[in-house]
Every structure is written in C-alpha cells, then in structure tokens.
C-alpha cells in the first residue's frame, strides 16, 4: 500500500497549467472527434461489418486498415480555420517515417514468411535445439530480445520475431503461445536507450537525464526484467 500522500502544490500546478492552455481550439476539437470516431470504428468494426442490407454486407470492406486510412485522410480535408486544414503534408514531414517503415516492413516480412513457407523452413533448421532444455531456449530468447528491443521499436521487433518464434517453438518442443508470450514481455523491457520506446524518448527530450544516466539505470532494469521474465516463463510456461 502506498504511503505517499498528496504532493504539495500538485493540484495548484495542474490547475495553473490547464488555465495557461486555455480553451480547446477548433483544430483540437476536430482531431479529438476524428480520434473518437477511429476508436469507435475499431472497437465495433466487427459488428458493423456484419450488418446486412438487402442480403449483402456493404460494410464488409471496413477493415482496421481502411478505418485508419480514412481517418488520416479526413484530417487533410477538415478545415480548422480560414484556408487551413487540420493537417498538411508539411506536418507529415515531421513524422518518424523510419519507425513506420520499420514496423510496416516487419508486418510485410511476417506475411511473407507465412505465405511462402519460409517460416516453416526456418523452424525445420532449428531442430539442432530440439535436445536443449526448455529453460535454456526461453532464457536465450528472453536475453536476445531484451537486448535488441533497446535499439529498435518494440512493436516492430515483436512483429518481426513472433512469426519466427512461432515456427521455431514446435521444433524445440515448447508451446507456441508460451514462447510468444516470452517475446511479448521481453519486447517491453526497453529501458536503456531513448530509441527503444516512445516513453524513453519523451523522458530524454526533457534534457534532465543524460544518455549515461539512462544507460546506467536501464541496464539494471533490463537485467532484472530478463531474470524475472525467464524465471516466470520457466516455472509456469515451460
């Protein structure tokens, strides 16, 4: 149970910050409405796609990707002022396209591994690990992914590694879901580098924490995460 009481001056600081922000602008309202629409469609997309009108399902093409693209394009068309739209291509130039391309490439590779049978081929080559104890395989996968996730996007890494591990799991004698859970948990152990995950980048951008400080604290957290995830997986999943 937490013993920390109210932070002195915290409420006043929050109230002052909200006051300085002022009322929501037209652009903020437009973006909020588009965001809420996207969340609603993503949440109830399955029900909407199942609606039948005249014996047909006109909303069947309304996939998650279509919803995302439609909401994104709508921001280029919705005005927030005289001659100004919610977003322009100049704004898009500031996006982290490298992360988007990396994530998209991971998804594309995952689909290619499945459709071409390359994933099964890679899994067949992993027969050399068939005699290894499960705890060695789990600890090795956990350590490898924990190190890698600190230098790349955790979502992109998960999209890249999960198809491979899904093919390897049956060969080494481990349940597929167990190895994928190890991968998912390890991908979230990005504590060392700012590039590992957006929260790290946000903290580093404040200028109050140097890379050296982040690395020193992050190494300890990453080591602890590797031990905890490996121990949990070996005891309950292997």
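Numbering (the working numbering), first residue to last: 64 to 301.
Positions of the beta carbon are idealized from the N, C-alpha and C atoms, including for glycine.
Reduced DSSP secondary structure (H/G/I, E/B, other) of residue i
i	result
residue 143	strand
residue 116	strand
residue 224	helix
residue 148	strand
residue 213	coil
residue 276	helix
residue 88	coil
residue 125	coil
residue 256	coil
residue 292	helix
Burial state of residue i (16 or more Cβ within 10 Å)
i	result
residue 298	exposed
residue 132	exposed
residue 215	buried
residue 129	exposed
Residue nearest to residue i in terms of C-alpha spacing, selected from the options
i	options	result
residue 89	143, 203 and 116	143
residue 245	266, 265 and 288	288
residue 178	230, 93 and 248	230
residue 113	243, 100 and 125	125
residue 168	208, 120, 220 and 129	220
residue 174	227, 110, 157 and 217	227
Close-in-space but distant-in-sequence residues of the same chain around residue i (CB under 6 angstroms, 5 per side omitted)
i	result
residue 254	281, 284 and 285
residue 225	243 and 246
residue 213	253, 255, 256 and 259
Contacts around residue i, its chain only, beta-carbon distance under 8 angstroms, and the 5 residues preceding and following it disregarded
i	result
residue 261	none
residue 150	138 and 139
residue 148	138, 139, 140, 141 and 142
residue 195	235
residue 264	257 and 258
Same chain, Cβ closer than 7 angstroms to residue i, five either side skipped, listed in chain order
i	result
residue 80	none
residue 248	292
residue 354	Since the first residue of the chain shown is 64 and the last is 301, residue 354 is not available in this structure.
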